[in-house]
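Please read the structure below before turning to the comments.
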Amino acid sequence: MKNFMDWLQNKIMPPMSKVGNNKYLVSIRNGLVLTLPAIISGSVFLIVGNIPITAWANFIKPYMNMIGVAVNGSFGIISLLAAIGIGYELSKELGVDPISGAGLSTMAFVIVSFNDKFKLDTNNFSSSGLFTAIITAMISVTIFNFFIKKNIVIKLPDGVPTAVSNSFVSLLPGFVILVLFWFIRMPLHIDINLVIQSIFHPLLFAMNTLPGILVYTFLVSLLWVCGIHGDMTLEGIADPIFLQFLAANGTAFAHHQPLPYATAAGFSSLMVNVGGTGATITLVVLMLFSKSKTYRDLGRVAFPGALFEINEPVIFGFPIVMNPLTMIPFIIIPLILATGSYLLIHLGLMNAPVAMVPWTMPPIIGPLMATGWDWRAAVWSAVELVLAGAMYYPFFKVAEKGMLAKEKTSTD
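Residue numbers (this note's numbering): 22 to 433.
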(Lines of atoms letter the chains of each structure in order from A and count residues from 1; the text may use other names and numbers.)
(Lines give C-alpha, C1' and ligand atoms only; values in the text may rest on other atoms or scores of the structure.)
Protein backbone atom coordinates (compact mmCIF):
# COMPACT_ATOMS: atom_id res chain seq x y z
CA MET A 1 0.00 0.00 0.00
CA LYS A 2 2.90 2.34 0.78
CA ASN A 3 4.29 1.79 -2.72
CA PHE A 4 0.87 2.56 -4.19
CA MET A 5 0.54 5.78 -2.21
CA ASP A 6 4.05 6.81 -3.26
CA TRP A 7 3.12 6.11 -6.87
CA LEU A 8 0.07 8.35 -6.53
CA GLN A 9 2.12 11.17 -5.07
CA ASN A 10 5.01 10.92 -7.51
CA LYS A 11 3.31 9.87 -10.76
CA ILE A 12 -0.31 11.00 -10.62
CA MET A 13 -0.28 14.26 -8.68
CA PRO A 14 2.30 16.26 -10.73
CA PRO A 15 0.73 15.78 -14.19
CA MET A 16 -2.84 16.20 -12.90
CA SER A 17 -1.83 19.38 -11.08
CA LYS A 18 -0.53 20.71 -14.39
CA VAL A 19 -3.80 19.78 -16.08
CA GLY A 20 -5.78 21.57 -13.39
CA ASN A 21 -3.67 24.73 -13.78
CA ASN A 22 -3.54 24.77 -17.59
CA LYS A 23 -4.51 28.27 -18.73
CA TYR A 24 -6.83 27.06 -21.47
CA LEU A 25 -8.67 24.58 -19.25
CA VAL A 26 -8.91 27.12 -16.44
CA SER A 27 -10.39 29.64 -18.88
CA ILE A 28 -12.98 27.10 -20.07
CA ARG A 29 -13.90 26.28 -16.47
CA ASN A 30 -14.18 29.91 -15.42
CA GLY A 31 -15.71 31.08 -18.69
CA LEU A 32 -18.58 28.61 -18.44
CA VAL A 33 -19.55 30.25 -15.17
CA LEU A 34 -21.08 33.00 -17.30
CA THR A 35 -23.65 30.49 -18.56
CA LEU A 36 -24.82 29.50 -15.08
CA PRO A 37 -27.08 32.49 -14.31
CA ALA A 38 -28.94 31.86 -17.57
CA ILE A 39 -29.19 28.11 -17.01
CA ILE A 40 -30.25 28.43 -13.38
CA SER A 41 -32.77 31.19 -14.16
CA GLY A 42 -34.21 29.15 -17.01
CA SER A 43 -34.33 26.13 -14.72
CA VAL A 44 -36.45 28.07 -12.24
CA PHE A 45 -39.08 28.63 -14.93
CA LEU A 46 -38.79 24.98 -15.96
CA ILE A 47 -39.27 23.77 -12.39
CA VAL A 48 -42.12 26.19 -11.62
CA GLY A 49 -43.91 25.28 -14.84
CA ASN A 50 -43.84 21.56 -14.06
CA ILE A 51 -44.79 21.29 -10.38
CA PRO A 52 -46.70 17.96 -10.20
CA ILE A 53 -49.81 19.34 -8.50
CA THR A 54 -53.02 19.16 -10.51
CA ALA A 55 -54.39 22.49 -9.31
CA TRP A 56 -51.10 24.24 -10.13
CA ALA A 57 -50.83 22.53 -13.53
CA ASN A 58 -54.32 23.73 -14.46
CA PHE A 59 -53.52 27.25 -13.26
CA ILE A 60 -50.21 27.52 -15.13
CA LYS A 61 -51.33 25.86 -18.38
CA PRO A 62 -52.46 29.09 -20.13
CA TYR A 63 -49.05 30.62 -19.43
CA MET A 64 -46.85 27.74 -20.61
CA ASN A 65 -45.97 29.47 -23.89
CA MET A 66 -44.77 32.47 -21.91
CA ILE A 67 -42.72 30.21 -19.66
CA GLY A 68 -41.30 28.56 -22.78
CA VAL A 69 -39.91 31.94 -23.87
CA ALA A 70 -37.91 32.16 -20.64
CA VAL A 71 -36.65 28.59 -21.00
CA ASN A 72 -35.68 28.96 -24.67
CA GLY A 73 -34.23 32.43 -24.09
CA SER A 74 -31.88 31.08 -21.42
CA PHE A 75 -31.02 27.53 -22.43
CA GLY A 76 -31.01 28.68 -26.04
CA ILE A 77 -28.01 31.03 -25.71
CA ILE A 78 -25.57 29.11 -23.51
CA SER A 79 -23.06 28.65 -26.34
CA LEU A 80 -23.12 32.36 -27.14
CA LEU A 81 -22.54 33.15 -23.47
CA ALA A 82 -19.75 30.56 -23.36
CA ALA A 83 -17.97 32.24 -26.27
CA ILE A 84 -18.10 35.54 -24.40
CA GLY A 85 -17.05 34.09 -21.05
CA ILE A 86 -14.22 31.90 -22.34
CA GLY A 87 -12.88 34.69 -24.52
CA TYR A 88 -12.86 37.00 -21.52
CA GLU A 89 -11.24 34.51 -19.12
CA LEU A 90 -8.60 33.29 -21.57
CA SER A 91 -7.64 36.88 -22.34
CA LYS A 92 -7.14 37.47 -18.63
CA GLU A 93 -5.03 34.33 -18.35
CA LEU A 94 -2.83 35.44 -21.27
CA GLY A 95 -2.56 39.02 -20.05
CA VAL A 96 -4.41 40.84 -22.83
CA ASP A 97 -7.49 43.06 -22.72
CA PRO A 98 -10.35 40.74 -21.68
CA ILE A 99 -13.19 42.86 -23.06
CA SER A 100 -11.57 42.91 -26.49
CA GLY A 101 -10.90 39.16 -26.28
CA ALA A 102 -14.52 38.48 -25.39
CA GLY A 103 -15.73 40.64 -28.30
CA LEU A 104 -13.44 38.97 -30.84
CA SER A 105 -14.44 35.49 -29.61
CA THR A 106 -18.11 36.34 -29.93
CA MET A 107 -17.61 37.70 -33.45
CA ALA A 108 -15.81 34.51 -34.53
CA PHE A 109 -18.54 32.31 -33.04
CA VAL A 110 -21.31 34.27 -34.75
CA ILE A 111 -19.50 34.13 -38.12
CA VAL A 112 -19.29 30.32 -38.06
CA SER A 113 -22.98 30.13 -37.08
CA PHE A 114 -24.16 31.30 -40.51
CA ASN A 115 -25.53 28.57 -42.76
CA ASP A 116 -24.96 27.96 -46.47
CA LYS A 117 -27.89 30.24 -47.30
CA PHE A 118 -26.10 33.15 -45.58
CA LYS A 119 -28.63 33.16 -42.75
CA LEU A 120 -27.64 33.23 -39.08
CA ASP A 121 -28.51 29.85 -37.56
CA THR A 122 -29.36 30.68 -33.95
CA ASN A 123 -29.78 26.98 -33.18
CA ASN A 124 -25.99 26.96 -32.78
CA PHE A 125 -26.37 29.40 -29.89
CA SER A 126 -27.89 26.60 -27.80
CA SER A 127 -26.11 23.57 -26.35
CA SER A 128 -25.26 22.09 -29.77
CA GLY A 129 -22.73 24.84 -30.41
CA LEU A 130 -20.93 24.66 -27.08
CA PHE A 131 -17.76 23.00 -28.35
CA THR A 132 -17.70 25.37 -31.32
CA ALA A 133 -17.83 28.29 -28.89
CA ILE A 134 -14.88 26.84 -26.96
CA ILE A 135 -12.74 26.26 -30.06
CA THR A 136 -13.48 29.61 -31.70
CA ALA A 137 -12.82 31.45 -28.43
CA MET A 138 -9.47 29.75 -27.92
CA ILE A 139 -8.34 30.33 -31.51
CA SER A 140 -9.49 33.96 -31.51
CA VAL A 141 -7.80 34.88 -28.25
CA THR A 142 -4.63 33.03 -29.24
CA ILE A 143 -4.44 35.12 -32.43
CA PHE A 144 -5.22 38.27 -30.44
CA ASN A 145 -2.48 37.42 -27.93
CA PHE A 146 0.02 36.78 -30.75
CA PHE A 147 -0.55 40.24 -32.27
CA ILE A 148 -0.29 41.93 -28.86
CA LYS A 149 2.88 40.11 -27.80
CA LYS A 150 4.51 40.73 -31.20
CA ASN A 151 3.39 44.38 -31.00
CA ILE A 152 1.61 44.17 -34.35
CA VAL A 153 -1.03 46.71 -33.34
CA ILE A 154 -2.23 50.22 -34.09
CA LYS A 155 -1.26 52.52 -31.24
CA LEU A 156 -2.94 55.84 -30.58
CA PRO A 157 -1.42 58.76 -28.64
CA ASP A 158 -1.35 58.58 -24.86
CA GLY A 159 -4.10 61.17 -24.46
CA VAL A 160 -6.70 59.00 -26.15
CA PRO A 161 -9.20 57.35 -23.74
CA THR A 162 -8.27 53.78 -22.81
CA ALA A 163 -11.46 52.25 -24.26
CA VAL A 164 -10.84 53.88 -27.63
CA SER A 165 -7.16 52.97 -27.58
CA ASN A 166 -7.94 49.32 -26.79
CA SER A 167 -10.41 49.13 -29.66
CA PHE A 168 -7.71 50.19 -32.11
CA VAL A 169 -5.20 47.80 -30.55
CA SER A 170 -7.58 44.93 -31.34
CA LEU A 171 -8.35 46.20 -34.85
CA LEU A 172 -5.66 44.29 -36.77
CA PRO A 173 -6.09 40.97 -34.93
CA GLY A 174 -9.85 41.41 -35.18
CA PHE A 175 -9.64 41.79 -38.94
CA VAL A 176 -7.45 38.68 -39.23
CA ILE A 177 -9.88 36.68 -37.05
CA LEU A 178 -12.85 37.86 -39.11
CA VAL A 179 -11.18 36.99 -42.43
CA LEU A 180 -10.02 33.59 -41.14
CA PHE A 181 -13.40 32.34 -39.95
CA TRP A 182 -15.29 34.02 -42.82
CA PHE A 183 -12.98 32.36 -45.36
CA ILE A 184 -13.42 28.93 -43.77
CA ARG A 185 -17.19 29.25 -43.49
CA MET A 186 -18.10 31.03 -46.74
CA PRO A 187 -15.61 30.58 -49.64
CA LEU A 188 -14.58 27.10 -48.42
CA HIS A 189 -18.16 26.17 -47.36
CA ILE A 190 -16.89 24.32 -44.27
CA ASP A 191 -19.51 24.00 -41.54
CA ILE A 192 -17.18 24.37 -38.59
CA ASN A 193 -19.90 23.58 -36.09
CA LEU A 194 -20.69 20.29 -37.85
CA VAL A 195 -17.00 19.37 -38.08
CA ILE A 196 -16.39 20.06 -34.39
CA GLN A 197 -19.50 18.13 -33.36
CA SER A 198 -18.26 15.16 -35.42
CA ILE A 199 -14.87 15.31 -33.72
CA PHE A 200 -16.31 15.44 -30.22
CA HIS A 201 -19.16 13.00 -30.84
CA PRO A 202 -17.22 9.95 -29.54
CA LEU A 203 -16.46 11.82 -26.30
CA LEU A 204 -20.09 12.90 -25.92
CA PHE A 205 -21.23 9.35 -26.52
CA ALA A 206 -18.72 7.92 -24.04
CA MET A 207 -19.66 10.30 -21.22
CA ASN A 208 -23.30 9.29 -21.51
CA THR A 209 -22.49 5.60 -21.06
CA LEU A 210 -22.06 3.69 -17.81
CA PRO A 211 -18.36 2.86 -18.43
CA GLY A 212 -17.66 6.48 -19.35
CA ILE A 213 -19.27 7.99 -16.26
CA LEU A 214 -17.60 5.38 -14.06
CA VAL A 215 -14.16 6.32 -15.40
CA TYR A 216 -14.92 9.99 -14.75
CA THR A 217 -16.20 9.23 -11.24
CA PHE A 218 -13.15 7.13 -10.46
CA LEU A 219 -10.75 9.87 -11.60
CA VAL A 220 -12.50 12.51 -9.51
CA SER A 221 -12.29 10.37 -6.36
CA LEU A 222 -8.71 9.31 -7.04
CA LEU A 223 -7.57 12.91 -7.45
CA TRP A 224 -9.19 13.87 -4.16
CA VAL A 225 -7.35 11.03 -2.42
CA CYS A 226 -4.13 12.53 -3.81
CA GLY A 227 -5.01 15.92 -2.32
CA ILE A 228 -6.10 17.44 -5.65
CA HIS A 229 -9.57 18.97 -6.07
CA GLY A 230 -10.84 16.30 -8.45
CA ASP A 231 -14.07 18.02 -9.47
CA MET A 232 -12.35 21.33 -10.24
CA THR A 233 -9.43 19.68 -12.05
CA LEU A 234 -11.72 17.93 -14.53
CA GLU A 235 -14.30 20.70 -14.86
CA GLY A 236 -12.64 22.23 -17.89
CA ILE A 237 -12.98 18.93 -19.74
CA ALA A 238 -16.25 17.59 -18.36
CA ASP A 239 -18.43 20.67 -17.79
CA PRO A 240 -18.97 21.50 -21.49
CA ILE A 241 -20.22 17.97 -21.99
CA PHE A 242 -22.50 17.81 -18.96
CA LEU A 243 -23.90 21.31 -19.57
CA GLN A 244 -24.67 20.39 -23.17
CA PHE A 245 -26.49 17.30 -21.91
CA LEU A 246 -28.46 19.36 -19.38
CA ALA A 247 -29.55 21.96 -21.92
CA ALA A 248 -30.75 19.21 -24.27
CA ASN A 249 -32.62 17.50 -21.42
CA GLY A 250 -34.19 20.77 -20.30
CA THR A 251 -35.44 21.54 -23.79
CA ALA A 252 -36.80 18.00 -24.21
CA PHE A 253 -38.50 18.14 -20.81
CA ALA A 254 -40.12 21.48 -21.62
CA HIS A 255 -41.58 19.95 -24.80
CA HIS A 256 -42.57 16.69 -23.06
CA GLN A 257 -40.13 14.63 -25.09
CA PRO A 258 -37.91 11.70 -23.95
CA LEU A 259 -34.77 12.85 -22.11
CA PRO A 260 -31.73 12.05 -24.27
CA TYR A 261 -28.94 12.11 -21.67
CA ALA A 262 -28.64 10.29 -18.35
CA THR A 263 -25.45 11.97 -17.13
CA ALA A 264 -26.42 15.62 -17.53
CA ALA A 265 -25.04 18.26 -15.16
CA GLY A 266 -26.32 17.39 -11.71
CA PHE A 267 -25.91 13.64 -12.15
CA SER A 268 -22.51 13.56 -10.46
CA SER A 269 -22.95 16.42 -8.02
CA LEU A 270 -26.43 15.47 -6.78
CA MET A 271 -26.94 11.77 -7.53
CA VAL A 272 -23.42 10.44 -6.94
CA ASN A 273 -21.65 12.83 -4.60
CA VAL A 274 -24.49 13.09 -2.10
CA GLY A 275 -23.27 15.27 0.73
CA GLY A 276 -19.99 15.97 -1.06
CA THR A 277 -17.62 13.92 -3.20
CA GLY A 278 -17.47 10.39 -1.83
CA ALA A 279 -20.86 10.80 -0.11
CA THR A 280 -18.92 11.89 2.96
CA ILE A 281 -21.94 13.36 4.74
CA THR A 282 -22.62 9.84 5.96
CA LEU A 283 -19.10 9.67 7.41
CA VAL A 284 -19.81 12.96 9.19
CA VAL A 285 -22.99 11.50 10.71
CA LEU A 286 -21.00 8.51 11.95
CA MET A 287 -18.52 10.90 13.56
CA LEU A 288 -21.32 12.75 15.35
CA PHE A 289 -22.12 9.56 17.27
CA SER A 290 -18.55 8.39 17.68
CA LYS A 291 -17.02 7.28 20.97
CA SER A 292 -13.99 9.35 20.06
CA LYS A 293 -14.07 12.98 21.23
CA THR A 294 -11.81 13.97 18.33
CA TYR A 295 -14.22 12.58 15.76
CA ARG A 296 -17.28 13.99 17.53
CA ASP A 297 -15.76 17.46 17.50
CA LEU A 298 -14.77 17.14 13.84
CA GLY A 299 -18.26 15.90 13.02
CA ARG A 300 -19.86 18.96 14.64
CA VAL A 301 -17.58 21.27 12.68
CA ALA A 302 -18.04 19.43 9.38
CA PHE A 303 -21.79 18.72 9.46
CA PRO A 304 -23.16 22.17 8.45
CA GLY A 305 -20.89 22.23 5.39
CA ALA A 306 -21.56 18.59 4.53
CA LEU A 307 -25.28 19.29 4.52
CA PHE A 308 -24.60 21.64 1.62
CA GLU A 309 -22.15 19.38 -0.22
CA ILE A 310 -19.00 21.03 1.19
CA ASN A 311 -16.70 18.33 2.50
CA GLU A 312 -13.15 19.73 2.61
CA PRO A 313 -13.14 19.60 6.47
CA VAL A 314 -13.70 15.84 6.25
CA ILE A 315 -11.33 15.17 3.37
CA PHE A 316 -8.45 17.03 4.96
CA GLY A 317 -9.45 16.69 8.63
CA PHE A 318 -10.38 13.05 9.02
CA PRO A 319 -8.29 12.71 6.80
CA ILE A 320 -9.20 10.98 3.55
CA VAL A 321 -6.26 12.44 1.61
CA MET A 322 -3.45 9.86 1.36
CA ASN A 323 -5.22 7.64 3.89
CA PRO A 324 -5.08 3.98 2.74
CA LEU A 325 -7.98 3.02 5.03
CA THR A 326 -10.58 5.56 3.94
CA MET A 327 -9.56 5.76 0.29
CA ILE A 328 -11.20 2.38 -0.31
CA PRO A 329 -14.80 3.39 0.52
CA PHE A 330 -14.21 6.93 -0.75
CA ILE A 331 -13.50 5.56 -4.24
CA ILE A 332 -15.84 2.55 -4.27
CA ILE A 333 -18.97 4.23 -2.90
CA PRO A 334 -19.30 6.81 -5.73
CA LEU A 335 -18.81 4.04 -8.30
CA ILE A 336 -21.68 2.07 -6.77
CA LEU A 337 -23.93 5.12 -6.51
CA ALA A 338 -23.12 6.15 -10.08
CA THR A 339 -24.00 2.66 -11.31
CA GLY A 340 -27.28 2.62 -9.42
CA SER A 341 -28.28 6.12 -10.56
CA TYR A 342 -27.40 5.42 -14.18
CA LEU A 343 -29.32 2.14 -14.30
CA LEU A 344 -32.41 3.67 -12.70
CA ILE A 345 -32.43 6.45 -15.28
CA HIS A 346 -31.62 4.11 -18.16
CA LEU A 347 -34.47 1.79 -17.18
CA GLY A 348 -36.92 4.66 -16.95
CA LEU A 349 -37.37 4.31 -13.19
CA MET A 350 -36.15 7.85 -12.49
CA ASN A 351 -35.77 11.07 -14.46
CA ALA A 352 -32.36 12.32 -15.53
CA PRO A 353 -31.47 15.90 -14.48
CA VAL A 354 -33.41 18.47 -16.49
CA ALA A 355 -32.78 21.64 -14.50
CA MET A 356 -29.74 23.30 -12.99
CA VAL A 357 -29.88 23.62 -9.23
CA PRO A 358 -26.91 24.81 -7.15
CA TRP A 359 -24.47 21.99 -6.37
CA THR A 360 -24.74 23.06 -2.73
CA MET A 361 -28.34 21.88 -2.56
CA PRO A 362 -28.77 19.28 0.24
CA PRO A 363 -29.35 15.59 -0.58
CA ILE A 364 -32.94 14.50 -1.33
CA ILE A 365 -34.02 18.10 -2.07
CA GLY A 366 -31.41 18.66 -4.80
CA PRO A 367 -32.22 15.53 -6.86
CA LEU A 368 -35.95 16.17 -6.44
CA MET A 369 -35.70 19.64 -7.98
CA ALA A 370 -33.06 18.77 -10.62
CA THR A 371 -35.21 15.99 -12.06
CA GLY A 372 -38.30 18.16 -12.45
CA TRP A 373 -39.95 17.11 -9.17
CA ASP A 374 -39.49 13.36 -9.70
CA TRP A 375 -40.20 11.94 -6.24
CA ARG A 376 -38.33 8.76 -7.16
CA ALA A 377 -35.09 10.74 -7.29
CA ALA A 378 -35.67 11.95 -3.75
CA VAL A 379 -36.31 8.41 -2.53
CA TRP A 380 -33.19 7.14 -4.31
CA SER A 381 -31.14 9.92 -2.72
CA ALA A 382 -32.30 8.79 0.72
CA VAL A 383 -31.44 5.18 -0.15
CA GLU A 384 -27.99 6.34 -1.31
CA LEU A 385 -27.34 7.90 2.08
CA VAL A 386 -28.17 4.63 3.81
CA LEU A 387 -25.99 2.62 1.41
CA ALA A 388 -23.05 4.99 1.77
CA GLY A 389 -23.33 5.01 5.55
CA ALA A 390 -23.42 1.21 5.67
CA MET A 391 -20.32 0.98 3.47
CA TYR A 392 -18.38 3.57 5.48
CA TYR A 393 -19.31 2.00 8.83
CA PRO A 394 -16.76 -0.86 9.07
CA PHE A 395 -13.91 1.38 7.89
CA PHE A 396 -14.95 4.10 10.30
CA LYS A 397 -14.99 1.68 13.22
CA VAL A 398 -11.42 0.65 12.44
CA ALA A 399 -10.36 4.29 12.31
CA GLU A 400 -12.30 5.03 15.50
CA LYS A 401 -10.54 2.22 17.34
CA GLY A 402 -7.16 3.67 16.40
CA MET A 403 -8.22 7.19 17.41
CA LEU A 404 -9.51 5.96 20.78
CA ALA A 405 -6.16 4.33 21.40
CA LYS A 406 -4.37 7.60 20.57
CA GLU A 407 -6.68 9.58 22.88
CA LYS A 408 -6.10 7.13 25.70
CA THR A 409 -2.34 7.33 25.23
CA SER A 410 -2.37 11.11 25.28
CA THR A 411 -4.32 11.21 28.56
CA ASP A 412 -2.16 8.63 30.36
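We put the beta carbon where it would ideally sit given N, CA and C, even for glycine. Predicted model only: the values in this text are computed from it and were never measured.
Exercise. Which one of K140, I60 and L231 has the shortest CA to CA distance from I366?
Worked result: L231
For this session: Note down, in chain order, each residue of its chain lying with its Cβ closer than 7 angstroms to the Cβ of I81, except the 5 sequence neighbours on either side.
Result: G70
For this session: With DSSP as the reference, please indicate the residues paired to F135 in a beta bridge.
Result: L141
Exercise. Nearest to N270 by CA position, among Y282, D260, I386 and D137, is which residue?
Worked result: Y282
Exercise. Start and end of the alpha helix (DSSP H) containing I386?
Worked result: I386 to A391
For this session: Indicate whether I107 and S147 have their beta-carbon atoms separated by less than 8 angstroms.
Result: no
For this session: Could you tell me the distance, in whole angstroms, from the CA atom of H277 to the CA atom of G393?
Result: 12 angstroms
For this session: Run the CB neighbour count on R321, radius 10 Å, all protein chains shown included, and call it buried at 16 or more, exposed below.
Result: exposed
For this session: Write down every uninterrupted run of the alpha helix (DSSP H) in the stretch 172–202 whose length is 4 residues or greater and which is fully enclosed by it, in chain order.
Result: 183–190
Exercise. Looking at the structure shown, is F339 part of a helix, part of a strand, or coil, going by DSSP?
Worked result: coil
Exercise. Do the CB positions of L425 and S313 come within less than 8 angstroms of each other?
Worked result: yes
Exercise. How should N136 be labelled, buried or exposed, when 16 other C-beta atoms within 10 angstroms of its C-beta is the threshold for buried?
Worked result: exposed
Exercise. Starting from Y363 and walking both ways along the alpha helix (DSSP H), at which residues does that stretch end?
Worked result: P345 to H367
Problem set entry | L267 beta carbon less than 8 angstroms from that of G287 | yes
For this session: Specify, as a first and last residue, the run of the alpha helix (DSSP H) that K170 falls within.
Result: L151 to K170
For this session: Excluding the 5 residues preceding and the 5 following G150 in the sequence, name in chain order all residues of the same chain whose CB lies nearer than 6 angstroms to its CB.
Result: S100 and N214
Exercise. What's the C-alpha gap between A359 and H222?
Worked result: 22 angstroms
Exercise. Under the three-state reduction of DSSP, which class applies to T301: helix, strand or coil?
Worked result: coil
For this session: Mark L244 as exposed unless 16 or more other C-beta atoms lie within 10 angstroms of its C-beta, in which case mark it buried.
Result: buried
Problem set entry | Straight-line gap, Y414 to P350 (C-alpha atoms, nearest Å) | 10 angstroms
For this session: Report yes or no: do three or more beta-carbon pairs, one from the stretch 83–93 and one from the stretch 130–144, lie closer than 8 angstroms?
Result: no
Problem set entry | 8 angstroms CB neighbourhood of T238 in its chain, flanking five on each side removed | S289, V293, P355, L356 and A359
For this session: With a cut-off of 8 angstroms on the beta carbons, I'd call L328 and P383 a contact; round off their distance for me.
Result: 5 angstroms
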